[in-house]
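Note that the sequence shown covers residues -23 to -1, 1 to 491 in mature numbering (1 follows the signal peptide of the UniProt record, and there is no 0).
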Amino acid sequence: MAMPPSLRFLILLLLAGTGGATAAAFELEEATIDSIHRAFAAGELTSRGLVELYLRRIASLDPSLHAVIELDPDGALASADRADAAARSGSSALPQLHGIPVLLKDNIAAAGTLNATAGSIAMVGSRPARDAGVVERLRNAGAVLLGTASLSEWCNFRGPGIPAGWSPRGGQGKNPYVPSATPCSSSSGSAIAAAANMAAITIGTETDGSIMCPSSYNSVVGIKPTVGLTSRAGVIIISPRMDTVGPITRTVSDAVHVLEAIVGYDARDAEATHKASQYIPEGGYRQFLNIDGLRGKRLGILRKDFFRFPSGSVQEMVFSEHFNIMSKMGAILEDNLEIPSMNVINDAVQSGERALMLAEFKLSLNSYLSELATSPVRSLSDIINFNNKHPIEERLAEFGQDYLIQSQATNGIGPTEERAIARLNKLCKRGLEKVMQDNLLDAIVAPGASAHSLLAIGGYPAITVPAGYASNGVPFAICFGGLKGSEPKLIEIAFSFEQATKVRKSPSLQHSII
């Protein structure tokens, strides 16, 4: 069993003192996959020592940040020991994430002791029959599972008005830069943990903004892959049309390492992963980590509806500087572009998409629950009833469960939902696809997660990269988005931009250390 919260931090604090001198000398803050692997190779660090360092940091910071829901120290240390033994054996073919600790968003199932609960108390005690597809790939790539990251309960799909980053299991996640600021959207814990150096890498999921937004507000890199590039099997999702699993890390390079490890066909998510597998480049994604990747790229700046900053604001000045840098790096900027009928797209998202998502959520959740080896609940109806019986823990009087109730009232994908799908498909062709094709663009550019719905409705990919810090210290990002399968171009653009600007800085965390 994963340890109960009441014992977790006491045990971790005791465990933290067992690390060797070599591990203690390693610079954990802003560590990358490459720097970790160099330390492994030089004998300066072991995977066990690294796991202990991260456990110690989590024990120190998480009581204030609430980025982590569950930890499995025994399992993580055992996995780290196996990684160290493989390294000692002299194997020349260690996997690409060898010995790298990872936190999974709490809607991603892993076989073993960890619960995957989407932040809900109703799901405690549920056990999957096997790893989620992406977890299986992470393990095969050598990653070490530390535990689960907090999130907005039910991926922000329980009801309106619930604070971003809150769940009954995880409490209220805190932005590590400005605690009073939002951590934003449902992959908040993954982004907080990555920003605060509580894990080497983290995994998030996105339906409509849930990787892009927390990455932006927590000054980390998020890749929202083309829908189907990564399997959703064994993941609690909202919409099979829009949900995708992706990395949240401190650097573009780390995110690309993780993306390369988790993409691919999965028979348990066959239709989507088969269709998207055509986009996976031979030789993987790391080959596109090109420092000169902006050269010759045509970038469309979506001024109208997206770049809305007061004259003279930090954001206005910073983005102007970034555009100048991109031009000097050889990018061709097509400025003042707009998406036709963006107001119609926003209306569709608020009406047609919402109704469609309600129907999709019930189908997806009931399917997930039916596949669990054991679970105290087996349907959305069971979860609603559980919440009604536990109103205090679930803060039912304050937050309700309107979306869950509305979803339960749906009856699958019928004519109304099919019309909504057809309308959204038309908006995609007449919106983003038309703008990109008419202007021969490689990518569109928008601030932060402002284009999340535009990119969500078509299952399009995006990469968010730290862009700056507002006058109040809250981070903001730049987003590069494109058509399905355009990850290679987006990686070249994002990596080149990151290396030219090097905006990200660690949070001070003085308010968090105990």
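Quick reminder that beta carbons are idealized off the backbone N, C-alpha and C, glycines included.
Under 8 Å, do residue i and residue j count as touching if we go by C-beta distance?
i           : j           : result
residue 43  : residue 127 : yes
residue 245 : residue 110 : yes
residue 335 : residue 378 : no
residue 401 : residue 329 : yes
residue 486 : residue 57  : no
residue 129 : residue 102 : no
residue 85  : residue 376 : no
residue 457 : residue 467 : yes
residue 141 : residue 160 : yes
residue 16  : residue 3   : yes
residue 349 : residue 116 : no
residue 432 : residue 325 : no
residue 215 : residue 199 : no
residue 306 : residue 477 : yes
residue 337 : residue 279 : no
residue 274 : residue 308 : yes
residue 268 : residue 473 : yes
Enumerate in chain order the residues of its own chain whose CB-to-CB distance from residue i is below 7 Å, with the five nearest sequence positions on each side excluded.
i           : result
residue 346 : 352, 354, 355 and 356
residue 319 : 282
residue 251 : 242
residue 258 : 465
residue 291 : 445, 447 and 448
residue 52  : 89, 90 and 122
residue 333 : 394, 397 and 398
residue 484 : 153, 154, 172 and 173
residue 5   : 30, 34 and 174
Might you give, ordered along the chain, the residues of its own chain that have their beta carbon closer than 6 Å to the beta carbon of residue i, omitting 5 neighbours on each side?
i           : result
residue -22 : The predicted model places residue -22 with a pLDDT of 48, which falls under 50 and marks its position as unreliable, so this point remains unresolved.
residue 206 : 240 and 253
residue 230 : 266
residue 112 : 87
residue 1   : none
residue 235 : 178 and 224
residue 9   : 228 and 231
Can you tell which of the options has the C-alpha that lies nearest to the C-alpha of residue i?
i           : options               : result
residue 107 : 368, 255 and 211      : 211
residue 83  : 372, 213 and 338      : 213
residue 226 : 130, 476 and 443      : 443
residue 341 : 134, 79 and 230       : 134
residue 526 : 23, 434 and 396       : Examination of residue 526 is not possible in this model, given that the chain is present from -23 through 491 alone.
residue 155 : 148, 381, 63 and 169  : 169
residue 190 : 165, 204 and 350      : 165
residue 425 : 411, 417, 415 and 455 : 455
residue 389 : 343, 259, 420 and 432 : 343
residue 300 : 55, 25, 421 and 63    : 421
residue 482 : 309, 153 and 294      : 153
residue 23  : 317, 60, 296 and 193  : 60
residue 71  : 63, 373 and 77        : 63
residue 186 : 484, 158, 451 and 436 : 436
residue 327 : 75, 470 and 430       : 430
residue 13  : 76, 374, 237 and 285  : 76
residue 100 : 294, 208, 233 and 359 : 359
So residue i and residue j are in contact, right, with Cβ under 8 Å, and what is the actual spacing, rounded?
i           : j           : result
residue 311 : residue 276 : 7 Å
residue 202 : residue 465 : 12 Å between Cβ atoms; not a contact.
residue 81  : residue 125 : 5 Å
Can you name, in chain order, every residue of its own chain whose Cβ lies under 8 Å from the Cβ of residue i, other than the five neighbours on each side?
i           : result
residue 98  : 145, 146, 363, 367, 370 and 371
residue -10 : In this prediction, residue -10 scores a pLDDT of 47, lower than 50, which makes its location untrustworthy; the coordinate-derived value is nonetheless stated afterwards. There are no such residues.
residue -14 : Note that residue -14 has pLDDT 44, beneath the 50 cutoff, so the model's placement of it is unreliable and the number below is only indicative. Closer than 8 Å at Cβ, skipping near neighbours: no residue.
residue 149 : 43, 140, 142 and 143
residue -18 : Note that residue -18 has pLDDT 40, beneath the 50 cutoff, so the model's placement of it is unreliable and no number is given.
Can you name the start and end residues of the beta strand (DSSP E) that residue i belongs to?
i           : result
residue 446 : 439 to 446
residue 424 : 420 to 424
residue 183 : 178 to 183
residue 350 : 349 to 351
residue 126 : 121 to 126
residue 227 : That residue, residue 227, is in no beta strand (DSSP E); it is neither H nor E in DSSP.
residue 311 : 309 to 314
residue 454 : 452 to 458
residue 201 : 198 to 201
residue 78  : 78 to 82
residue 46  : 45 to 48
residue 467 : It is not in any beta strand (DSSP E) - residue 467 instead sits in the alpha helix (DSSP H) that spans 464 to 478.
residue 276 : 275 to 279
Got a sec, what are the start and stop residues for the alpha helix (DSSP H) residue i sits in?
i           : result
residue 110 : 110 to 117
residue 394 : 392 to 407
residue 146 : From DSSP, residue 146 is part of no alpha helix (DSSP H); its letter is neither H nor E.
residue 28  : 24 to 42
residue 293 : 291 to 305
residue 251 : 247 to 253
residue 325 : 319 to 325
8 Å is my cut-off, CB to CB: does residue i come that close to chain D?
i           : result
residue 233 : In the structure shown, chain D does not exist; there is a single protein chain.
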